[in-house]
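Novice: Okay, handing you the structure first.
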Amino acid sequence: MIRDEIKKAILKTVQKMDGGKTVPVFSVEVPEIPEHGDFATNVAFVITRTLAKQIEEKTSTLQSPDIPAIKIRTGDTAWHRVTGSYPTKPLDLAQYLVDHLKKETDLFKKVEVAPPGFINFSLKDEFLLKKLQAVREKPGQWGKSDAGKGKTIVVEYFQLNIGKRPHVGHLRSAVIGDAIARIFECAGYSVKTDTHQGDWGTQFGILLWAFKKLSPSDRAALMKELEENPLEGFHRLNLLYSGANKTAEGYDENPGKEEFAKLERGEAENRNIWRELKGASEENFLRGGVKLLRLRDFEEYKGESEYETDMPAIVNGALKKGVARKKDEAIVVDLSGEGLDEAVLIKSDGASTYLLRDLATIIYRKKKWKFAKSLYVVDVRQSHHFKQLFRVAEKLGFEGWGESQHIEFGFMKLPEGALSTRAGNVISLNALLDEAEKRARAVIQEKNPDLKNKKEIAKQVGLGAIKYFDLSHNRRSGIVFRWEDALSFEGDTGPYLQYARARLNSILQKAKEAGISKKIPDSSELDPLEHRLAAAVLRYPEAIEDALAEYLPNILAHYLYSLARTANEFYHSRPVLQEADAQKRAVRLLIVETVATTLKHGLGLLGIESPDEM
Ligand code: ARG
Numbered sequence: 001m002i003r004d005e006i007k008k009a010i011l012k013t014v015q016k017m018d019g020g021k022t023v024p025v026f027s028v029e030v031p032e033i034p035e036h037g038d039f040a041t042n043v044a045f046v047i048t049r050t051l052a053k054q055i056e057e058k059t060s061t062l063q064s065p066d067i068p069a070i071k072i073r074t075g076d077t078a079w080h081r082v083t084g085s086y087p088t089k090p091l092d093l094a095q096y097l098v099d100h101l102k103k104e105t106d107l108f109k110k111v112e113v114a115p116p117g118f119i120n121f122s123l124k125d126e127f128l129l130k131k132l133q134a135v136r137e138k139p140g141q142w143g144k145s146d147a148g149k150g151k152t153i154v155v156e157y158f159q160l161n162i163g164k165r166p167h168v169g170h171l172r173s174a175v176i177g178d179a180i181a182r183i184f185e186c187a188g189y190s191v192k193t194d195t196h197q198g199d200w201g202t203q204f205g206i207l208l209w210a211f212k213k214l215s216p217s218d219r220a221a222l223m224k225e226l227e228e229n230p231l232e233g234f235h236r237l238n239l240l241y242s243g244a245n246k247t248a249e250g251y252d253e254n255p256g257k258e259e260f261a262k263l264e265r266g267e268a269e270n271r272n273i274w275r276e277l278k279g280a281s282e283e284n285f286l287r288g289g290v291k292l293l294r295l296r297d298f299e300e301y302k303g304e305s306e307y308e309t310d311m312p313a314i315v316n317g318a319l320k321k322g323v324a325r326k327k328d329e330a331i332v333v334d335l336s337g338e339g340l341d342e343a344v345l346i347k348s349d350g351a352s353t354y355l356l357r358d359l360a361t362i363i364y365r366k367k368k369w370k371f372a373k374s375l376y377v378v379d380v381r382q383s384h385h386f387k388q389l390f391r392v393a394e395k396l397g398f399e400g401w402g403e404s405q406h407i408e409f410g411f412m413k414l415p416e417g418a419l420s421t422r423a424g425n426v427i428s429l430n431a432l433l434d435e436a437e438k439r440a441r442a443v444i445q446e447k448n449p450d451l452k453n454k455k456e457i458a459k460q461v462g463l464g465a466i467k468y469f470d471l472s473h474n475r476r477s478g479i480v481f482r483w484e485d486a487l488s489f490e491g492d493t494g495p496y497l498q499y500a501r502a503r504l505n506s507i508l509q510k511a512k513e514a515g516i517s518k519k520i521p522d523s524s525e526l527d528p529l530e531h532r533l534a535a536a537v538l539r540y541p542e543a544i545e546d547a548l549a550e551y552l553p554n555i556l557a558h559y560l561y562s563l564a565r566t567a568n569e570f571y572h573s574r575p576v577l578q579e580a581d582a583q584k585r586a587v588r589l590l591i592v593e594t595v596a597t598t599l600k601h602g603l604g605l606l607g608i609e610s611p612d613e614m
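In full-length UniProt numbering, the protein residues as written are 1 to 614.
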């Protein structure tokens, strides 16, 4: 990574200066104003502070407070040898660093001090071109790293519930989780994914209660529907569940609890119904949803019910350790002293809880995968649950709790209508995706009526629009989805990025047909826009690294958007195929090719396809 190369050179210079006494923590970033260069650093400010501290510590013999350069010691550091003293102003320090950096590395075309003490860097054109050629030579390697070599990361997302209709949180979880999994994979991690399907608990009890009240012929009809027309079948199951849920509110004791208790005790009738519904759900609904959304396939499709047999030992252990106690008929862990309330392991009717199932899941996954990190992509309303979960796991001495993290996300409001109820969040995945395809198709029809394969491309664009809209926002913020915003070909949208890449692709296609030479001249000067775009391409690995560090795909999305914008500026002002100078043409072609590669790969990491034409 270029950023790292620059950091290394700076660090070397600083350490020569103070004899390796300090390891300053400074940043190397992309300046907001492109004219300031490709990168900028604040290192001079940082070492002004550390040096000031050294001065305080090491010298009591300040000669005079108004001497600008202060002698601090008679050691033999390089800096001392040069001047006998340290400058105290960031601006002077920056200048000193610049003078010495130039001796340390020949990465730069220009290194400049900018008041009050920043240092701006412009990379050598030659260096950029060499790096771009490396991207061209191994496009399959571009963006990949071995940062995660030997480490396993578990990512859990798209946790649908049987019976309950998916809400928009499930869609967000799918899109965000899928992107995070892909990004980690690209960084060399071994990625294990799971769905933790909601197939257990009182919610299932309610469904059982409603199902058992159906006449035998209605039951058979529903099962047939689930088999033959799963989406319709699940819709009916949803209606059954939500109707029953309403009715259950009128009861003193939720009848679903009793049914779930029977299920958990192993009562045959409930088990049989459960097994059938679960089988149909997993096969048709969950796996169907994965296909519909074009997600990475999951390593496991486990449900909450899988942990049934592991739970008693956890409860016994917790009681023995004195972590949990009996409270009436229930078993709880009291976390109220830590502001986390009471965590319930077993309810008063003897039924297990969601929390207990999650405890068992930690043990299972840690044992199976020995993960370095385990992520739960779940909406922010469950943050209390995860805090309780990790704290109880800690108290119980579980391995893995410390590496577990709730990757929370805010709510997305959908437009009213076919896609959502008035409550604003219940969705039908199918309706959403149909709508996306329909709208994308209308836009494509208008822009490019002769396009072949419109149906598939409309799918990619519609789905890409939804995913990108989600991923371009910081996952923590609540967002309002609008078709007009998501599907626009202008601005920070999926279609804009796909379109930018498709356009570059068509240049490449034509260059290939025309047999234009790809040979890059040995030395070549880039104009400012070429330079800017080339440098932007090469920041791709850094964007991946930053997105990964905080589990924030929007960092990658933002990078891609800004790359596409610069690429569009280039597209409109720099002829490629029409360029008369053959050397310049070859250079521009190289830039176009590597931008296109980067956009495609980057969108791919967000789970978004890139049509070659659109
Ligand atoms: N199925 C749950 C829901 O829809 C989310 C499950 C989250 N994952 C977990 N390990 N608790 O609310």
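Note that beta-carbon positions come from the ideal geometry of N, C-alpha and C, so glycine has one too.
Could you check where the alpha helix (DSSP H) with Ile273 kicks off and where it finishes?
Specialist: Position 273 of the sequence shown, counted from the first residue, corresponds to residue 273. Counting along the chain, the alpha helix (DSSP H) containing Ile273 begins and ends at 268 to 280.
Novice: Following the continuous beta strand (DSSP E) through Ala114, name the residue where it begins and the one where it ends.
Specialist: The residue given as residue 114 occupies position 114 in the sequence shown. It spans 108 to 114 - the beta strand (DSSP E) in which Ala114 sits, taken as one unbroken run.
Novice: Provide the residue(s) that pair with Leu26 in DSSP beta bridges, ordered along the chain.
Specialist: If you number the sequence shown from 1, residue 26 lands on position 26. The question names Leu, but residue 26 is Phe in the sequence shown. None, per the DSSP bridge assignment.
Novice: Could one say the Cβ of Lys192 lies closer than 9 Å to chain C's Cβ atoms, at least one of them?
Specialist: Going by chain labels, chain C is absent from the structure shown, which holds only one protein chain.
Novice: Would Glu156 be called buried (16 or more neighbouring beta carbons within 10 Å of its own) or exposed?
Specialist: Position 156 of the sequence shown, counting from 1, holds the residue named residue 156. Label assigned to Glu156: buried.
Novice: If contact is defined by three or more beta carbon pairs under 8 Å, each pair taking one atom from either stretch, is the region 259 to 273 in contact with the region 176 to 194?
Specialist: Flag = no, the region 176 to 194 and the region 259 to 273 do not touch.
Novice: Going along the chain, which residues of its own chain have a beta-carbon closer than 6 Å to the beta-carbon of Phe386, five neighbours each way excluded?
Specialist: Translated into positions along the sequence shown, residue 386 becomes position 386. The answer, listed in chain order, is His406.
Novice: Does any heavy atom of the ligand ARG sit closer than 8 Å to the C-beta of Asn161?
Specialist: Residue numbering aside, residue 161 sits at position 161 when the sequence shown is read from its first letter. Result yes, Cβ under 8 Å from the ligand ARG.
Novice: I'd like to check one pair, Ser122 with Gly37: are the Cβ atoms closer than 9 Å?
Specialist: Taking the sequence shown and counting its residues from 1, one reaches residue 37 at position 37. Taking the sequence shown and counting its residues from 1, one reaches residue 122 at position 122. Yes, these two residues count as a Cβ contact at 9 Å.
Novice: Assuming Ile6 and Leu107 are in contact, meaning their beta carbons sit under 8 Å apart, how far apart are those beta carbons, in whole angstroms?
Specialist: Numbered from 1 along the sequence shown, position 6 holds the residue referred to as residue 6. Numbered from 1 along the sequence shown, position 107 holds the residue referred to as residue 107. Indeed, because the Cβ distance is near 7 Å, the residues count as touching under 8 Å.
Novice: Quick one: is Ala268 buried, meaning 16 or more other Cβ sit within 10 Å of its Cβ, or exposed?
Specialist: Numbered from 1 along the sequence shown, position 268 holds the residue referred to as residue 268. Its Cβ having fewer than 16 others within 10 Å, Ala268 is exposed.
Novice: To the nearest angstrom, how far is it from the Cα of residue 693 to the Cα of His384?
Specialist: Since the displayed the chain opens at 1 and closes at 614, residue 693 lies outside it and no answer follows.
Novice: Do you know how far the Cα of Arg219 is from the Cα of Ser610?
Specialist: What you label residue 610 is simply residue 610 of the sequence shown in a count that begins at 1. What you label residue 219 is simply residue 219 of the sequence shown in a count that begins at 1. Roughly 44 Å separates the two Cα atoms.
Novice: Taking C-beta to C-beta, are Leu198 and Ile162 nearer than 9 Å?
Specialist: To locate residue 198, count along the sequence shown from 1; it is residue 198. To locate residue 162, count along the sequence shown from 1; it is residue 162. Note on residue identity: the sequence assigns Gly, not Leu, to residue 198. Yes, Cβ-Cβ distance for Gly198 and Ile162 is below 9 Å.
Novice: If you follow the alpha helix (DSSP H) that Glu446 is part of, which residue opens it and which one closes it?
Specialist: In the sequence shown, counting from the first residue as 1, residue 446 sits at position 446. Looking at the DSSP string, the run of the alpha helix (DSSP H) that includes Glu446 is 429 to 447.
Novice: Within a Cβ cutoff of 7 Å, which residues of the same chain sit near Ala535, ignoring the five residues on either side of it in sequence?
Specialist: Here the question's residue 535 lines up with position 535 in the sequence shown. For Ala535, where only same-chain residues beyond five positions count, the Cβ hits under 7 Å are Asp38, Leu123, Leu128.
Novice: Would you say Tyr561 touches the ligand ARG, meaning its beta carbon is less than 8 Å from a heavy atom?
Specialist: The residue you call residue 561 lines up with position 561 of the sequence shown. Every heavy atom of the ligand ARG is 8 Å or more from the Cβ of Tyr561, so no.
Novice: From Gly602 to Leu560, what distance separates their C-alpha atoms?
Specialist: Stepping through the sequence shown from its first residue, residue 602 is reached at position 602. Stepping through the sequence shown from its first residue, residue 560 is reached at position 560. Approximately 7 Å between the Cα atoms of the pair.
Novice: Please classify Ser305: does DSSP put it in a helix, a strand, or coil?
Specialist: Locating residue 305 in the sequence shown gives position 305, counting from the first residue. Three-state DSSP puts Ser305 in a helix.
Novice: What residue range is occupied by the uninterrupted beta strand (DSSP E) comprising Asp194?
Specialist: Position 194 of the sequence shown, counting from 1, holds the residue named residue 194. 190 to 194 is the span of the beta strand (DSSP E), which, as asked, contains Asp194.
Novice: Can you tell me which of Ile273, Ala514, Lys138, Val344 puts its alpha carbon nearest to the alpha carbon of Trp209?
Specialist: By 1-based counting over the sequence shown, the position of residue 209 is 209. Among Ile273, Ala514, Lys138, Val344, the Cα nearest to that of Trp209 is on Ile273.
Novice: Please classify Val461: does DSSP put it in a helix, a strand, or coil?
Specialist: Locating residue 461 in the sequence shown gives position 461, counting from the first residue. Looking at Val461 - three-state DSSP - the assignment turns out to be helix.
Novice: What residue range does the alpha helix (DSSP H) around Asn554 cover?
Specialist: Taking the first residue of the sequence shown as 1, we reach residue 554 at position 554. Here the alpha helix (DSSP H) through Asn554 covers 553 to 573.
Novice: Quick check on the burial criterion: 16 or more other C-beta atoms within 10 angstroms. Buried or exposed for Lys370?
Specialist: The residue you call residue 370 lines up with position 370 of the sequence shown. Flag for Lys370 reads exposed.
Novice: Using alpha carbons as the reference points, say which of Asn474, Gly494, Ala44, Arg475 lies closest to Trp483.
Specialist: Position 483 of the sequence shown holds residue 483. Of the candidates Asn474, Gly494, Ala44, Arg475, the one whose C-alpha sits nearest the C-alpha of Trp483 is Gly494.
Novice: Taking the straight line between their C-alpha atoms, what separation do you get for Phe489 and Glu232?
Specialist: Start at 1 with the first residue of the sequence shown, and residue 489 comes out as number 489. Start at 1 with the first residue of the sequence shown, and residue 232 comes out as number 232. Between Phe489 and Glu232, the C-alpha separation is close to 34 Å.
Novice: Using DSSP bridges, identify the partner residues of Ala343.
Specialist: Within the sequence shown, numbered from 1, the residue matching residue 343 stands at position 343. Answer is Val333.
Novice: Kindly confirm or deny that the region 426 to 443 and the region 453 to 466 touch, where touching means at least three C-beta pairs closer than 8 Å.
Specialist: Cβ pair count under 8 Å is three or more, so yes.
Novice: Relative to the alpha-carbon of Leu11, which residue among Ala549, Val23, Ile2, Met1 has its alpha-carbon at the smallest distance?
Specialist: Counting from 1 along the sequence shown, the entry for residue 11 is found at position 11. Per the Cα distances, Val23.
Novice: Thinking C-alpha only, which one of Lys212, Ser506, Ala431 is nearest Leu240?
Specialist: Looking up residue 240 in the sequence shown gives position 240. If we check each option's Cα against that of Leu240, Lys212 comes out closest.
Novice: Please confirm whether Ala9 and Gly148 have their CB atoms less than 9 Å apart.
Specialist: The residue given as residue 9 occupies position 9 in the sequence shown. The residue given as residue 148 occupies position 148 in the sequence shown. No.
Novice: Can you give me the start and stop residues for the alpha helix (DSSP H) that Asn505 sits inside?
Specialist: As a working mapping, residue 505 is identified with position 505 in the sequence shown. Start and end: 494 to 513.
Novice: Do Ala40 and Asn120 come within 9 Å of each other at the CB atom, strictly closer than that value?
Specialist: Here residue 120 refers to the residue found at position 120 when the sequence shown is read from its first residue. Here residue 40 refers to the residue found at position 40 when the sequence shown is read from its first residue. In contact: Asn120 and Ala40 (Cβ atoms closer than 9 Å).
Novice: With DSSP collapsed to three states, give me the class of Leu11.
Specialist: The count along the sequence shown starts at 1 and reaches residue 11 at position 11. Three-state result, Leu11: helix.
Novice: Excluding the five sequence neighbours on either side, which residues of its own chain have a C-beta within less than 6 Å of the C-beta of Tyr189, listed in chain order?
Specialist: Residue numbering aside, residue 189 sits at position 189 when the sequence shown is read from its first letter. The answer, listed in chain order, is Gly148, Lys151, Ile153.
Novice: Does the beta-carbon of His100 have 16 or more other beta-carbons within 10 angstroms, so that it is buried, or is it exposed?
Specialist: Here the question's residue 100 lines up with position 100 in the sequence shown. Per the 10 Å Cβ criterion, buried.
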